[in-house]
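Visitor: After the structure tokens below, expect a handful of questions from me.
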Amino acid sequence: MALINENLLKISRKYIFPIIEERRDKLKATLSKDEFVDLGVGDVSYPITKTIVEGLKDVADEIGTNVIGYGPYQGYAFLRNAIIESDYKELPISSDEIFVSEGINSDICGIQELFSIEAKVGIVDPAYPVYYDLNVMAGREHIVRLPLTADNGFMPEVPSEPLDIVYITNPSNPTGVAMTRESLEMWVKWAQKNKCIIFYDAAYAGFIEGDGLPRSIYEIKGADEVVVEFKSFSKSSGFTGVRLGYCVIPHKIAIFDKSGKEHKLNPLWMTRQSTKTNGASYPIQKAGLAALSKEGQEENKAVLKDYMKGTRMIVDALTSMGFTTYGGVDCPYIWWKVPSGDSWEWFEKLIEECHIISVPGEAFGVCGEGYVRLSGFVTEDEAQRAVRNLSRLEAYCAH
Ligand code: PLP
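Numbered according to numbering that gives the first Met the number 0, the sequence shown spans residues 0 to 398.
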């Protein structure tokens, strides 16, 4: 008899995004396109840009005439070098510390396999729900929540107990807040002192604009000893359906066996990758190269600017009605403090009264209760529609 991994039965709730998608599809079926707005899961609204499309057309011709075959497990050097050039030029990171993949999700779920099941884990709360669920599925029991609240500026405070692994997202999904340099420095120092490894999810780093805010964790001294950075082309280049990402595992990072002997993480990840994956496809790595070209970067910057403009319009609409919002400055997510009741109630109210799909804050963790997340990954038309429909909430506003 084949027995189940009992840890799967500990996932008590349905994964939130399918629930939201179901509600969105129902709205879509009953309303015309210009009546409803999807501010839910945070998928992109603009297609990939012209330079990337041209890159894909070129590679289609190339693979039609040349045999490509299996690629290097770590990703092609052309892409890893381009990543260094665009994101890590002045930083202590080299191309053999970059591992290309099909996106953050598979990397962040896979890397925990290199760590003991007894590892004590810290996870920011609210957070991308995957971090918690993947650790429960793996069988970890010691999981500590690191609250993100209005009182701490939505920046996690270092815990009083030592932890082995900590998950941080910067800028945060769902709060949309970017951490300050001081806060990141405090975390790196703490991780060095506690021999803790930080999994630093930088899926939205491309949106950071604020003065002095780090674009990569490796801007912080010592981070290359304790932090794995996860990056994605999903939101920065519109690749959610194209699939490309990478993680950075600096040579200095080590983990330990029970005798205290150290083992470098970079070659351990190489062993895992060369066993469990044959990597991201050649055509998509070429598309990534096109995205990192000068023209590709300029086009993508313009798209990200449009998302932030739409985000701003929604923030302004809510604040002008007297509501309180956070985030929405260095990341296109708006963390809206609901004026009364709970987050699921407002999720329903937004559907019924405004024909808007959102995500209830509670879906991101217990500290998310009292908030609703609105995604600013919208076109200008969608942002205008959102503003129009949100005005129906005038009756609930604070003034
Ligand atoms: N990490 C965070 C914080 C996200 O919000 C998302 C997607 O929304 C992901 C990772 C997934 O990234 P990818 O598309 O590269 O798998």
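Built from N, CA and C at the ideal position, the CB exists for glycine as well.
Per DSSP, C246 is paired with what?
Guide: In the DSSP output, where bridge partners are listed per residue, C246 has F98, F229.
Visitor: From the DSSP output, which residues share a beta bridge with D37?
Guide: Note: D37 sits in a beta bridge opposite I356.
Visitor: Relative to the C-alpha of F103, which candidate in P331, E393, R242, G367 has its C-alpha closest?
Guide: Correcting the residue identity first, residue 103 is Ile in this sequence and not Phe. If we check each option's Cα against that of I103, R242 comes out closest.
Visitor: For E393, collect the residues of the same chain with a Cβ closer than 7 Å to its Cβ; drop the 5 residues on either side in sequence, then sort them by chain order.
Guide: Cβ within range, chain order: M320.
Visitor: Among F322, D380, Y395, which one has its Cα closest to the Cα of K32?
Guide: Checked all of F322, D380, Y395; the closest Cα to K32 is D380.
Visitor: Excluding the 5 residues flanking G367 on each side, which residues of the same chain have their C-beta closer than 6 Å to its C-beta?
Guide: Correct list, in chain order: P125, G360, E361.
Visitor: Is it true that the CB of R372 sits closer than 8 Å to the CB of V358?
Guide: Closer than 8 Å, so yes.
Visitor: Tell me the rounded alpha-carbon separation between L78 and T64.
Guide: Using only the alpha carbons, I get a separation of about 21 Å.
Visitor: Taking C-alpha atoms, which residue in V247, A202, Y217 lies nearest to S233?
Guide: With distances taken between Cα atoms, S233 lies closest to A202.
Visitor: Specify, as a first and last residue, the run of the alpha helix (DSSP H) that L113 falls within.
Guide: It is not in any alpha helix (DSSP H) - L113 carries neither H nor E in the DSSP assignment.
Visitor: For V123, which option in I216, G211, L145 has the closest C-alpha, if you only look at C-alpha atoms?
Guide: When only C-alpha atoms are compared, the closest one is L145.
Visitor: I think I333 touches R23, with their Cβ atoms under 8 Å apart; what is that distance to the nearest whole Å?
Guide: The pair is not a contact, with the Cβ atoms about 18 Å apart (cut-off 8 Å).
Visitor: Going straight from the alpha carbon of E181 to that of R391, what length do you get?
Guide: Taking the straight line joining both Cα atoms gives about 40 Å.
Visitor: Mark D305 as exposed unless 16 or more other C-beta atoms lie within 10 angstroms of its C-beta, in which case mark it buried.
Guide: When all chains shown are included, D305 counts as buried.
Visitor: Shorter than 7 Å, the distance from the beta carbon of D37 to the closest heavy atom of the ligand PLP, or not?
Guide: For the ligand PLP, not one heavy atom lies less than 7 Å from the Cβ of D37.
Visitor: Given F238, which residues of its chain have a CB within under 6 Å of its CB, disregarding the five upstream and five downstream residues?
Guide: Result list for F238: F232, in chain order.
Visitor: Do Y45 and T310 have their C-beta atoms closer together than 8 Å?
Guide: Contact flag unset, no.
Visitor: What do you reckon, is the C-beta of I103 under 7 Å from a heavy atom of the ligand PLP?
Guide: Indeed, a heavy atom of the ligand PLP lies less than 7 Å from the Cβ.
Visitor: Please state if the CB of D106 and the CB of G244 are separated by a distance shorter than 8 Å.
Guide: Going by C-beta atoms, G244 is nearer than 8 Å to D106.
Visitor: Looking at N172 and the ligand PLP, is the gap between the Cβ and the nearest heavy atom below 7 Å?
Guide: Yes, the Cβ of N172 comes within 7 Å of a heavy atom of the ligand PLP.
Visitor: Once the 5 residues before and after R384 are set aside, which same chain residues still bring their CB inside 6 Å of it?
Guide: Answer for R384: V36, listed in chain order.
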